[in-house]
Structure formats: structure tokens, C-alpha cells
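The sequence shown begins at 31 in the working numbering and counts up by one.
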Amino acid sequence: MIKLLTKSEDYYRKKKDKILKRFTFFLTSFKADLIKKIGKEETNKIINEFHQVYDSYLAKVPYIGGDKNIFSRNVAYSSPAIVFWKLLKTKGWSIDQFAPIYLHALKRFTRKEYAGLKGRIKGFFQRLIIRKTTLKWLFKKYKKFSEKYPKSFIFIFVSDKGEDFDFGYNVLRCTIVEFGKLIDATEILPYICMYDWYRAYYSKSGLRRSQTLAEGDDYCDYRFKKGAAPKNLQKTQIPEPLKPGR
Numbered sequence: 031m032i033k034l035l036t037k038s039e040d041y042y043r044k045k046k047d048k049i050l051k052r053f054t055f056f057l058t059s060f061k062a063d064l065i066k067k068i069g070k071e072e073t074n075k076i077i078n079e080f081h082q083v084y085d086s087y088l089a090k091v092p093y094i095g096g097d098k099n100i101f102s103r104n105v106a107y108s109s110p111a112i113v114f115w116k117l118l119k120t121k122g123w124s125i126d127q128f129a130p131i132y133l134h135a136l137k138r139f140t141r142k143e144y145a146g147l148k149g150r151i152k153g154f155f156q157r158l159i160i161r162k163t164t165l166k167w168l169f170k171k172y173k174k175f176s177e178k179y180p181k182s183f184i185f186i187f188v189s190d191k192g193e194d195f196d197f198g199y200n201v202l203r204c205t206i207v208e209f210g211k212l213i214d215a216t217e218i219l220p221y222i223c224m225y226d227w228y229r230a231y232y233s234k235s236g237l238r239r240s241q242t243l244a245e246g247d248d249y250c251d252y253r254f255k256k257g258a259a260p261k262n263l264q265k266t267q268i269p270e271p272l273k274p275g276r
């Protein structure tokens, strides 16, 4: 009997090679740090096991419209790190053991991502996107996915200017958080969100944020102040040696 694939399995399996190619940088960084902690043999076992089990989680990654929804890539590229943590969790690891390893990889990845001319162009286009008119249009355009898919992102634009921000938006539902909950891997989620702070440093977006769904809050409060340095007011902080630019 032929097993029919779910939309999640079909979409994410087709993207699997691309997803894991991007994640290779993280695995290389993880490997170097894990070897220092548990040795080469055990590290290789864990990485091999990750490649074996990742497939089994693809059906659980929420489908939110595939390539028609630009936010699908956020979910796809976050999924391997969440699964990797889930694997370590089943082996008795604590998040305090893994978080520095993950953040070290994230720091190195983002520094490489924004290096050179290509990185400067990337930062420039991100600043173009993070504008009142662009974000309002974007959230209006993609609202249909929130209504159609029960685990898709829900964004609410905030146009009122505050004391420390020009504009912003709230995230009432995050697909990445939904996936973490689904596979019981929520401990890694606040650290997945730290990617925003590394990107904010390089793109100079003026991000300030005090709470996230990943930390158990009711919503994520993204706010932006043009020309200002990023301001992390959350419970979860990046340790000083792992901060961008250090």
C-alpha cells in the first residue's frame, strides 16, 4: 500500500537538501565544541543519529503555505536546530549545556552571513524591509495564511510611536514556537530567537524587544528605532563573550 505524504512531509522533504546544506555550518561548529565536551566518538554518533532522525520530524513541521508564504523559510531553516536539541535532550543534556554551543555557532554563522559586499547588501535590503509602509503591506498581504493555516504566524502592526521606538509589530503566534511545542523541545526556542539580535547588530535595524512567545509571554514585541543600537530587554540574554562584535 502506498503511503500518501502529508503537505508537510512533501514540502519539507523537497527542501531537505537545501535546509541541511545551510545547517552544515552549524553542525561543523557544533562538532568542534561537542568534541571538547564529550569526545570525537560520541560526537560523531550524535551527528550521525541527527541525520537519521531528522526525516522522521518533517511531517511534524507545520505547513503554512509552502513557497507561497515567504515565512515558510523561517520555519524550515529553524527546524534542524530544534530537532538537534530534541536529540540531545533525549540523551539527558540540559539546555544550559547546549545553549553556549548553539550561540557560538549562531555568532559565527551570522558574522559570515554579513561579511563583505554581499553582507552589506543583505543588511541594506533588510533596512528597506523594516519600514512602516513595507511591513504594513507585508502583513496585510500574508494575513490570509494566518487565517487558512492554524499554526501560521500572526502579525499585528503597531504604528503608534513610543518613547523608545518609531514603529513595530507584535507576533501573536509563531510557527517556530508551535513546532518546538509539538516535539517537546521548547527549551531551545529562546536561543533560536537570539538570531534576531545578531542580525540586528549587522543590519542596524534599531531593534528593541522585551518579550517573546518563546519565553512564555503572550506575544513578541518587535519595536524599531531608526539609527539606534539594538536593545535586548528580554529575560534571555546573550553572554558577553558570545555577543556580536565581541
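Ideal placement from N, C-alpha and C gives every residue a C-beta, glycine not left out.
Nothing here was measured: the structure is a model prediction, and the numbers come from that model.
Cβ of residue i within 8 Å of Cβ of residue j?
i    : j    : result
A215 : W123 : no
A111 : I222 : yes
D226 : H134 : no
V188 : Y199 : yes
F254 : F195 : yes
P274 : K162 : no
Y42  : N99  : no
S176 : I186 : no
Work out the CA separation of residue j and residue i for me, nearest whole Å.
i    : j    : result
Y249 : S240 : 10 Å
I32  : E39  : Residue placement at I32 cannot be trusted, given a pLDDT of 44 that sits under 50; what the coordinates show is reported in the next sentence. One C-alpha to the other measures close to 14 Å.
F60  : K121 : 16 Å
I65  : R52  : 21 Å
V91  : K119 : 18 Å
R276 : E270 : 8 Å
T140 : D247 : 26 Å
D251 : Y84  : 31 Å
Starting from the Cα of residue i, find the closest Cα among the options and give me that residue.
i    : options                : result
N74  : D85, T58, L88          : T58
Y93  : Y252, C204, Q267, K265 : C204
Y232 : G246, I186, G257       : G257
L117 : N99, I49, V201, Q82    : Q82
G236 : I160, Y179, N78        : I160
L263 : L272, R238, E245, A244 : R238
A129 : F169, F56, G149, K70   : F56
Note the first and the last residue of the continuous alpha helix (DSSP H) segment covering residue i.
i    : result
L332 : The question about residue 332 has no answer, for the chain in this structure spans 31 to 276.
R150 : 146-159
Report the CB separation of residue i from residue j in whole angstroms; it is logged as a contact under 8 Å.
i    : j    : result
I131 : I218 : Rounded, the Cβ-Cβ distance is 11 Å, inconsistent with contact.
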